[in-house]
Amino acid sequence: MKVYTKGGDKGQTALIGGTRVCKHDCRVEAYGTLDELGAHIALLREMLRKGGNEAHDEALLRIMRELMSVESALATDTAVERVAQMAECVESVWIARLEEEIDQMSMLLPATFRFTVPGGSV
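Okay, structure coming up:
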């Protein structure tokens, strides 16, 4: 199986269900951004594991899976019944749990009172 389709070579791509949309469609931008976030979380997860810190491993893996569910819903044609499930995809339980985990992880960080340069402390 090839990892490319050549179906988006004219500035459009297909949603799940077959509808063609521009590659700059807000849904494509949204699921692309979430995919990038998932990639960053995967890198963070691997860095933590290699450093012997697996305290947040399960939470990070769950977050990655939940992001994929949201991406899938965003990539689905609105005419497909599955989009009706999009609201269920981002359950309030997910959001509350994520906020709690952010709060817990934030307590482990040193207080900052200035802007930081990404990668400047590595």
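For the sequence shown, our numbering gives the first residue as -7, with consecutive numbering after it. We put the beta carbon where it would ideally sit given N, CA and C, even for glycine. Quantities reported herein were computed from a predicted structural model and do not represent experimental measurements.
What did DSSP end up calling residue i once you bin it into helix, strand or coil?
i	result
V62	helix
A6	strand
T108	coil
Which residues mark the beginning and the end of the beta strand (DSSP E) in which residue i is found?
i	result
R12	R12 to C14
Apart from the five residues just before and just after residue i, which ones in its own chain have a Cβ nearer than 7 Å to its Cβ?
i	result
I55	I33 and L90
Q96	none
In chain order, what residues of the same chain have a beta carbon less than 6 Å from the beta carbon of residue i, not counting five sequence neighbours either side?
i	result
L52	I33 and R37
Please report the straight-line C-alpha distance between residue i and residue j, rounded to a whole angstrom.
i	j	result
N45	S98	16 Å
L26	L59	7 Å
D69	E83	20 Å
E92	K2	43 Å
Y23	K(-6)	21 Å
Tell me which same chain residues have a C-beta within less than 8 Å of the C-beta of residue i, skipping the five on either side of it?
i	result
G121	Here the chain covers residues -7 to 114 and nothing more, so residue 121 does not appear.
D49	R37, L40 and R41
Looking at the secondary structure, which residues open and close the alpha helix (DSSP H) in which residue i lies?
i	result
G30	C18 to K42
V85	S84 to S98
For residue i, list the residues DSSP reports as bridge partners.
i	result
T68	I8
Given 7 Å as the limit, tell me if residue i has its C-beta closer than that to any heavy atom belonging to the ligand GDP.
i	result
R106	Judged by which ligands are present, the structure shown has none, so any question about the ligand GDP falls away.
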